[in-house]
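Report on one structure; see the data block that follows.
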Amino acid sequence: MSNPLNGPLEVGMRVLMILVEAFPAHLDINRLVLLDHGLLHSADLDGPESLHPPIPVRVGELGVKRQHIEDGLQVMIRAGLVQMSAEDSGIEFWANETSESFLALFESDYAHALHDRARWVVEELGAVDDALLRERMREISSHWSEEFEVMQHESGNDI
5 MSNPLNGPLE VGMRVLMILV EAFPAHLDIN RLVLLDHGLL HSADLDGPES LHPPIPVRVG
65 ELGVKRQHIE DGLQVMIRAG LVQMSAEDSG IEFWANETSE SFLALFESDY AHALHDRARW
125 VVEELGAVDD ALLRERMREI SSHWSEEFEV MQHESGNDI
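Every letter in the sequence shown is one number past the one before it in the working numbering, and letter 15, counting from 1, is 19.
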């Protein structure tokens with residue numbers, strides 16, 4: 005069964021929104037994974053209300069998110085909305101001239117909320133160096149582990 009919130013098209017749209025907000029910057033896959041996670045769970049980063057529910061095991065999302073991001077990027081590259089190149093530092097992705105116009109076609113409340121979160125996450129974390137970004141995500145994931153342990157204890161299912 006596929007998850008409509010993490011299918012290649014949905015993830016590709018989220019990544020495209022991040023790349024448009026970061027334009028003209030080129031971002032690698034690792035940064036896109038972390039920014040996408042911040043886009044969906046912005047409240048964890050002291051930002052606006054999260055778009056996806058705050059489930060305690062959301063730290064596990066990071067483990068599968070990279071493949072979802074790669075699949076979404078492939079959709080956007082095939083559509084001609086994302087550019088890619090191999091650099092000395094690795095493979096980088098960026099929005100092109102038509103990307104923003106394409107996104108402007110989406111008028112749903114959810115699309116507007118995604119756009120707002122993409123703008124926020126790029127403003128907050130887009131220019132942060134990789135080490136600091138990873139440290140920030142590590143801090144957040146440790147809180148999730150604590151939440152999960154509390155839930156296990158409250159339910160009587162101590163491991």
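Every residue gets a Cβ at the ideal spot worked out from N, C-alpha and C, and that includes glycine.
Where residue i falls, given that 16 or more other Cβ within 10 Å makes a residue buried
| i | result |
| --- | --- |
| Phe-110 | exposed |
| Ile-73 | buried |
| Met-17 | buried |
| Glu-25 | buried |
| Asp-48 | buried |
| Val-68 | exposed |
| Leu-136 | exposed |
| Val-15 | buried |
Cβ-Cβ distance between residue i and residue j below 7 Å
| i | j | result |
| --- | --- | --- |
| Ser-46 | Arg-140 | no |
| Leu-203 | Gly-42 | Outside the displayed range of the chain (5 to 163) lies residue 203, so it cannot be described from this structure. |
| Ala-99 | Phe-27 | yes |
| Val-125 | Leu-31 | no |
| Leu-20 | Ser-112 | no |
| Val-79 | Leu-23 | no |
For residue i, three-class secondary structure by DSSP
| i | result |
| --- | --- |
| Ala-83 | coil |
| Glu-101 | coil |
| Val-11 | The sequence given here has Gly at residue 11, not Val. In the structure shown, Gly-11 sits in coil (DSSP, three-state: anything other than H, G, I, E or B). |
| Gly-94 | strand |
Beta carbon proximity, residue i to chain B, threshold 7 Å
| i | result |
| --- | --- |
| Asn-10 | The structure shown contains no chain B, having only a single protein chain. |
Inter-residue CB distance, residue i and residue j (contact presumed, cutoff 8 Å)
| i | j | result |
| --- | --- | --- |
| Phe-106 | Leu-36 | Going by Cβ atoms, the distance from Phe-106 to Leu-36 rounds to 18 Å, so no, they are not a contact pair. |
| Ala-115 | Leu-55 | Their Cβ separation, rounded to whole angstroms, is 11 Å, which puts Ala-115 and Leu-55 out of contact at 8 Å. |
Of all the alpha helix (DSSP H) runs that stay within the bounds of the region 21-78, which reach a length of 4 or more residues? Listed in chain order, the alpha helix (DSSP H) runs fully inside the region 21-78 are 33-44, counting runs of at least 4 residues.
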